[in-house]
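Q: First the structure, then my questions, so here it is.
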Amino acid sequence: MRDGGDVGFGAVRRDAVRPVGGDGRPLDFAHLDRMTFGSRDLQHEVLGMFLAQSQALLDRIRSAADADSGRRAAHTLKGSARGIGAFRVARLAEAVEMAERVPGDAAHLFGELTAAVEAVDRVIRQELGNRA
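Per full-length UniProt numbering, residue 1 is the first one in the sequence shown, and the count goes up by one each step.
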């Protein structure tokens, strides 16, 4: 839904990670441990997949030619974020998804979503950089 604006869519020390809201952590590593049955290899695989797709999904939301495309990209990001324990990203992606149904401050929400994704991506890069 292009309208001419910027947004088309109307082994790390885990306790040292900069807070990003919610419970204060960009990622809920306990949730990630449960979802991956404690497998570090699987954790790194799913974190790598999220890292690879998160910016692409933000780009799809930003440049969506129509509301439905933007909603689908936000919905995909929401599910991916929930899967790894990035609950702030999931909440914001859901808000962006719903904002398309009731136009308003999608641009403001998209800015918050972008910042939250960038925070999660930083944590993931740190985690993947500290592979044992």
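Ideal Cβ placement from N, Cα and C applies to all residues, glycine included.
Consult DSSP for residue 150 and reduce its assignment to one of helix, strand or coil.
A: For residue 150 there is no data in the structure shown, the boundaries of the chain being 1 and 132.
Q: Just to confirm the assignment, what range does the alpha helix (DSSP H) spanning phenylalanine 50 have?
A: It spans 40–62 - the alpha helix (DSSP H) in which phenylalanine 50 sits, taken as one unbroken run.
Q: Is the region 56–76 close to the region 27–42, with three or more CB pairs under 8 Å?
A: As far as the Cβ criterion goes, the region 56–76 does not touch the region 27–42, which means the pair count is below three.
Q: Excluding the 5 residues preceding and the 5 following valine 96 in the sequence, name in chain order all residues of the same chain whose CB lies nearer than 7 Å to its CB.
A: Around valine 96: Phe9, Ile61, Ala74, Ala106, Leu109, Phe110, Leu113.
Q: Does the distance from the C-beta atom of glycine 85 to that of histidine 44 stay below 8 Å?
A: No, these two residues do not count as a Cβ contact at 8 Å.
Q: Going by CA-CA distance only, name the one from Ala99, Ala93, Leu77, Ala116 that's closest to phenylalanine 50.
A: Comparing Cα-Cα distances from phenylalanine 50 to each of Ala99, Ala93, Leu77, Ala116, the minimum goes to Leu77.
Q: Taking the alpha helix (DSSP H) that phenylalanine 110 belongs to, which residues open and close that run?
A: Start and end: 106–129.
Q: Using the beta-carbon count (16 or more within 10 Å), is glycine 79 buried or exposed?
A: The residue is exposed, with fewer than 16 neighbouring Cβ atoms inside 10 Å.
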